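Asker: Quick one: structure below, then a few questions.
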Amino acid sequence: MLSVEKINVFYGQVQILWDVSLMVSEKKIVALVGSNGAGKSTLINGITGIMKIRQGYVRLNNEEIQNLDPHVIVEKGICQIPEERLLFPNMSVLENLELGSYTKRARDNKRQTLDEVYEFFPILSKRRRQNAGSLSGGEQQMLSIARGLMSKPSLLILDEPSFGLAPMLVEEIFKIIKGINESGITILLVEQDIYQSLELADYGYVLENGKMIVEGVGQELLSNKYVKEAYLGI
Ligand SMILES: Nc1ncnc2c1ncn2[C@@H]1O[C@H](COP(=O)(O)OP(=O)(O)O)[C@@H](O)[C@H]1O
Ligand SMILES: [Mg+2]
């Protein structure tokens, strides 16, 4: 479905990604893991058109999409949930959700999509008249994901959804991500928590200092000697 082929990305003169490749097959969950500063966000910002790709290709269903405008890429069905959540705190939960369906592909089925989204996140239905800013951290993360779903993506990219959440909430969010995937949406999950995300994923990639260093099926990666030593401390 998505294939990233040997991309090089720079911040000014500084090269951040070095010949990075990655594939996401339809209906799967793929995890992209690595330490803080490895280049994970830069990679997905390259995919979604936020960062310019200097060399290499990004293909969605065989169509080249590298360096298209972000709004064009959203219309093609790729939605990124940013690490910073970027909610509108003084608007209601419902208004935040409605803003998610501004895309042409989502506009006409807004009501129905909203019902589907509330099924994944019943708490948001309960809180729909409340300001987004009054929600707890976990609820805000849910709202951020829910708003992304309102754009009717076929590929959902989540940038560290577990960031700053208590372990119980992380578990809940991961369960919901699994449910979203089972509803037919392909997932690219970016995480620092290598253990949990590889447990959930069908396939995983490890990015280190801007280079892809290992890849494999989730369970295999967890028993990979290098991954164990470098990331799991065993
Ligand atoms: N706006 C920026 N300008 C210059 N360098 C940046 C900027 N944002 C990130 N970087 C650098 O790019 C590298 C990768 O960052 P990032 O993609 O955010 O990593 P990750 O998401 O894996 O934590 C880091 O070395 C970081 O310092
Ligand atoms: Mg990041």
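At position 75 of the sequence shown the residue is numbered 283 (our numbering), and the sequence of numbers has no breaks. Backbone N, C-alpha and C define an ideal beta-carbon position, used for all residues, glycine too. Model, not experiment: these values are computed from the prediction.
1. Let me check you understand the geometry: is the CB of S249 closer than 7 Å to at least one non-hydrogen atom of ligand 2?
2. Our contact map puts V212 next to V228 with C-beta atoms below 8 Å; I'd like the distance itself, whole angstroms only.
3. Does the distance from the C-beta atom of V222 to that of Y411 stay below 8 Å?
4. Note down the Cα distance separating L305 from Q263, rounded to an integer number of angstroms.
5. Out of M350, G254, K360, which has the shortest C-alpha to C-alpha gap to L377?
6. Could you give the residue range of the alpha helix (DSSP H) that holds L429?
7. From L357 to K236, what does the alpha carbon distance come to, in whole angstroms?
8. Compute the distance between the beta-carbons of V266 and I215, then report whether it is under 8 Å.
9. Are A354 and L373 close, meaning C-beta to C-beta below 8 Å?
10. In terms of alpha-carbon separation, which member of K419, E407, A246 lies closest to G426?
11. By the three-class DSSP mapping on this structure, what secondary structure does Q288 have?
12. On the criterion of 16 or more Cβ atoms from any shown chain inside 10 Å, does Q320 qualify as buried, or is it exposed?
13. Could you give the uninterrupted runs of the alpha helix (DSSP H) lying entirely in the stretch 260 to 322, keeping only those of 4 residues or more?
14. Indicate whether I393 and L366 have their beta-carbon atoms separated by less than 8 Å.
15. Can you list the alpha helix (DSSP H) stretches of 4 or more residues lying completely in the stretch 363 to 439, in chain order?
16. Compute the distance between the beta-carbons of T311 and V282, then report whether it is under 8 Å.
17. Could you tell me whether any non-hydrogen atom of ligand 2 is closer than 7 Å to the CB of E368?
18. Does the beta-carbon distance from G418 to G247 come in below 8 Å?
19. Can you tell which of G285, I286, K284, G308 has the C-alpha that lies nearest to the C-alpha of L294?
20. CB-CB under 7 Å to E368, same chain, minus the five flanking residues each way: which ones, in chain order?
21. If you run the structure through DSSP and keep just helix, strand and coil, what is Q223?
22. Per DSSP, what are the beta-bridge partners of L251 in this structure?
23. Tell me which residues share the same chain as R335 and place their Cβ nearer than 6 Å to its Cβ, disregarding the 5 neighbours each side in the sequence.
24. What would DSSP say about M350, mapped onto helix, strand or coil?
25. For A340, which of helix, strand or coil comes out of DSSP?
Answerer: The structure says:
1. S249: yes, Cβ under 7 Å from ligand 2.
2. 7 Å
3. no
4. 36 Å
5. M350
6. DSSP places L429 in the uninterrupted alpha helix (DSSP H) bounded by 426 to 430.
7. When rounded, the distance between both Cα atoms is 17 Å.
8. Against a cut-off of 8 Å, the Cβ pair of I215 and V266 comes out as a contact.
9. no
10. Of the candidates K419, E407, A246, the residue whose Cα lies closest to the Cα of G426 is E407.
11. The answer is strand: DSSP assigns Q288 an E or B state.
12. exposed
13. 278 to 283, 301 to 308, 312 to 315
14. Judged by beta-carbon spacing, L366 lies beyond the 8 Å limit of I393, meaning their Cβ atoms are not closer than that value.
15. Within the stretch 363 to 439, the alpha helix (DSSP H) runs of at least 4 residues that lie entirely inside it are, in chain order, 375 to 390, 402 to 408, 426 to 430.
16. Contact flag set, yes.
17. Yes, Cβ of E368 sits closer than 7 Å to a heavy atom of ligand 2.
18. yes
19. G308
20. So the qualifying residues of the chain are E291, V398, E399, Q400.
21. Collapsing the DSSP output to three states places Q223 in a strand.
22. None, per the DSSP bridge assignment.
23. V301
24. helix
25. If DSSP states are grouped into helix, strand and coil, A340 belongs with the helices.
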